[in-house]
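Take a look at the structure set out below.
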RNA sequence: GGCCUUGUGGUCAAGCGGUUAAGACGGAGCCCUCUCAAGGCUCAAUCCCGGGUUCGAUUCCCGGCAGGGUCACCA
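Right under this line is the structure:
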């Protein structure tokens with residue numbers, strides 16, 4: 032068979048470059064020793080979730096701690112999946128979490144010498160290499176229809192054989208020259224398949240940088256490398272791109288492990304050296320009592336936008352991810368409390384081998400701690416950003432008074448006391464925590480544990496003695512006086528010694544006042560709250576509460 | 001189902017032939033305290049099962065079992 036002619040018929044373009052040209056166009060990168068080139072290669076659906084951030088962070092950390100490059104390549108070979116604005120959305124989402132690219136699609140950088148970074152724009156490169164494989168007898172056209180493929184599959188299932196296009200099932204592999212040209216003349220659509228030389232009985236060990244030594248079986252599948260629209264499949268594009276973009280370390284999900292043999296064979300027939308691989312375990316979640324991997328379709332609540340909307344502090348999300356990515360991160364952090372996470376020596380070898388369950392409690396804890404470290408002014412900026420994007424118009428109105436909000440934050444965060452409070456977990460919840468400081472958002476549902484007459488007595492008596500100029504101790508002493516007059520024990524020891532002699536202790540008396548002022552049984556320091564509200568509004572709330580008892 | 005892979009408290013996990021089997025989150029309790037938050041202290045809770053190898057296995061080997069992944073002209 033005249034393979035040269037066949038290749039020319041199948042891939043007739045005249046503007047394909049000679050193969051060596053591509054080596055010249057995309058020379059090996061000049062990087063310091065040990066530098067790793069990693070990449071994120073999403074399909075442009077625009078939807079990225081925590082699991083994507085997780086592996087993107089690993090890529091980014093490894094590239095940037097080794098002095099390498101982290102780039103973005105868009106795998107848009109499947110037209111059906113394309114979503115408008117997806118690429119920008121990916122970049123924006125990741126940037127919010129401080130994961131930034133050095134190079135790639137829609138990234139303006141002088142480093143963009145290995146593009147184009149959209150696979151559809153690289154069609155000629157793939158086709159040039161596919162053509163070469165056909166000429167060398169390592170690839171061939173296949174005219175099988177979906178139905179024929181289905182029939183093969185059924186037969187294989189019935190005989191309990193490995194499904195797929197291989198060996199005696201690879202009908203088109205042995206088509207005569209005549210049959211091929213007849214099919215072509217008849218206008219039958221075709222794909223290009225790899226003519227696999229592998230033997231599925233052969234097994235060997237492959238070193239994965241995360242999983243360690245794994246057993247792989249030689250590929251014997253005649254996989255499709257060029258689809259009927261002339262665009263490559265993932266497998267073929269992966270080999271060509273990661274070679275010419277000079278990727279040194281491919282970090283990808285473990286769902287790719289099973290197609291690794293295909294990739295190994297592809298690199299071999301193309302004559303490309305293989306990059307190192309690290310297959311990450313997926314983030315899991317429990318769903319209906321079953322553990323399963325995070326999915327785009329089923330878990331919209333794990334979308335990165337969800338976390339932005341809920342107002343999670345980006346650094347907290349990153350730190351949480353760091354703790355599961357490299358479990359020694361937390362320990363390192365405790366030893367270096369003032370160091371930034373970027374100073375941590377991230378190592379791929381430390382990455383876990385089994386999938387971690389997503390732990391919201393842990394994220395919340397880290398988030399609270401991170402947030403408690405901010406100054407009230409920084410906290411204001413963080414909350415304000417959230418309010419501007421996701422808050423109500425009332426929230427935005429409240430946040431126009433920066434000075435007032437910062438005073439509230441000083442209290443809520445405990446900025447002026449020796450111990451920081453950790454009340455704010457994320458922006459959305461933090462903003463709601465401050466509602467009672469604004470009259471238009473203050474909608475209390477009073478619920479007291481004491482008789483109306485007692486409540487009224489405490490409230491009105493305290494209103495008479497309240498002076499905003501009092502310091503905390505004086506304020507509390509006055510409350511004690513009022514409480515004692517109403518039948519409460521002014522001293523806890525007295526109450527404990529003889530509980531039946533009193534209607535309650537100071538905690539109970541304070542609660543009456545607290546509910547009246549904040550609408551809630553729990554709050555930070557009441558004296559300060561009243562100070563922030565001011566005398567007039569404080570007294571108005573006491574009066575309103577006494578009224579409604 | 002075949003193939004690959006994983007299996008230490010509820011969760012994330014150190015440890016990798018001899019340990020009182022770290023730590024963190026969560027849970028329980030105590031202290032502090034005007035409540036809450038924070039903080040301090042204490043407690044409960046783990047080596048999937050069965051065989052080997054060995055003086056000795058959580059650690060090594062084999063077999064089960066359980067979980068996960070994958071078997072497309074999707075990535």
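In the numbering used here, the protein residues as written are 32 to 580.
Backbone N, C-alpha and C fix where the C-beta goes; we use that ideal spot for every residue, glycine too.
Because the structure is a prediction, the values reported are computed rather than measured.
Whose C-alpha, out of the options, is nearest the C-alpha of residue i?
i: residue 75; options: 103, 98, 556, 82; result: 103
i: residue 340; options: 418, 537, 50, 310; result: 418
i: residue 290; options: 216, 269, 300; result: 269
i: residue 215; options: 175, 158, 554, 539; result: 175
i: residue 241; options: 403, 312, 263, 199; result: 312
i: residue 248; options: 561, 114, 236, 150; result: 236
i: residue 499; options: 559, 220, 79; result: 559
i: residue 309; options: 271, 380, 343, 261; result: 380
i: residue 445; options: 430, 374, 405; result: 405
i: residue 115; options: 83, 78, 127; result: 78
i: residue 101; options: 52, 277, 390, 218; result: 277
i: residue 456; options: 181, 113, 185, 343; result: 343
i: residue 518; options: 497, 484, 392; result: 484
Just to confirm before moving on: does the CB-CB distance between residue i and residue j stay below 8 angstroms?
i: residue 211; j: residue 165; result: no
i: residue 226; j: residue 302; result: no
i: residue 327; j: residue 315; result: no
i: residue 86; j: residue 284; result: yes
i: residue 337; j: residue 253; result: no
i: residue 577; j: residue 487; result: yes
i: residue 266; j: residue 293; result: yes
i: residue 154; j: residue 105; result: no
i: residue 388; j: residue 81; result: no
i: residue 149; j: residue 57; result: no
i: residue 48; j: residue 159; result: yes
i: residue 172; j: residue 221; result: yes
i: residue 130; j: residue 91; result: yes
i: residue 88; j: residue 333; result: no
i: residue 262; j: residue 378; result: no
i: residue 538; j: residue 489; result: no
i: residue 125; j: residue 134; result: no
i: residue 163; j: residue 288; result: no
i: residue 430; j: residue 564; result: no
i: residue 208; j: residue 382; result: no
Leaving out the 5 sequence neighbours to the left and right, which residues in its chain are closer than 7 angstroms to residue i when beta-carbon positions are compared?
i: residue 515; result: 521
i: residue 471; result: 425
i: residue 441; result: 407, 447
i: residue 411; result: 433, 436, 437, 440
i: residue 330; result: 80, 316
i: residue 376; result: 96
i: residue 53; result: 156, 275
Cutting at 6 angstroms between CB atoms, please list the residues of its own chain near residue i, excluding the five before and the five after it.
i: residue 67; result: 93, 94, 97, 99, 279, 280
i: residue 229; result: 249, 250, 251, 296
i: residue 494; result: 570, 573
i: residue 475; result: 550
i: residue 63; result: 98
For residue i, which residues does DSSP report across the bridge?
i: residue 115; result: Per DSSP, none; premise fails for residue 115.
i: residue 14; result: Residue 14 lies beyond the range of the chain shown here (32 to 580); nothing can be said about it.
i: residue 234; result: 248
i: residue 69; result: 101
i: residue 224; result: 171, 255
i: residue 134; result: 102
i: residue 334; result: 80
i: residue 280; result: 307
i: residue 556; result: In the DSSP output, where bridge partners are listed per residue, residue 556 has none listed.
i: residue 519; result: 535
i: residue 239; result: 243
i: residue 149; result: 105
i: residue 372; result: None; residue 372 has no bridge partner.
i: residue 197; result: 252
Got a sec? Which residues, its chain only, sit under 8 angstroms from residue i by beta carbon, not counting five neighbours each side?
i: residue 187; result: 193, 194, 195, 200
i: residue 543; result: 479, 481, 485, 486, 489, 490
i: residue 589; result: Nothing can be reported for residue 589, as the shown portion of the chain is limited to 32 through 580.
Examine the Cβ distances between the segment 36–47 and the segment 71–85 and report whether three or more of them are shorter than 8 angstroms. Contact between the segment 36–47 and the segment 71–85 is absent: fewer than 3 CB-CB pairs across the two stretches fall below 8 angstroms.
Per the contact definition of three or more C-beta pairs closer than 8 angstroms, is the segment 472–481 in contact with the segment 497–510? At 8 angstroms Cβ cutoff, the stretches do not touch.
Three CB pairs or more closer than 8 angstroms across the segment 356–371 and the segment 416–423: Contact between the segment 356–371 and the segment 416–423 is absent, because fewer than three Cβ pairs lie under 8 angstroms.
If you pair each beta-carbon of the segment 392–406 with each one of the segment 348–359, do three or more pairs fall below 8 angstroms? Two segments are said to touch when three or more pairs of C-beta atoms, one from each, lie closer than 8 angstroms; by this definition the segment 392–406 touches the segment 348–359.
May I ask you to verify whether the segment 452–466 touches the segment 529–549, counting CB pairs closer than 8 angstroms and requiring at least 3? The answer is no - the segment 529–549 does not touch the segment 452–466, with fewer than three Cβ pairs under 8 angstroms.
Count Cβ pairs between the segment 446–457 and the segment 530–541 that sit closer than 8 angstroms; are there 3 or more? No, they do not touch.
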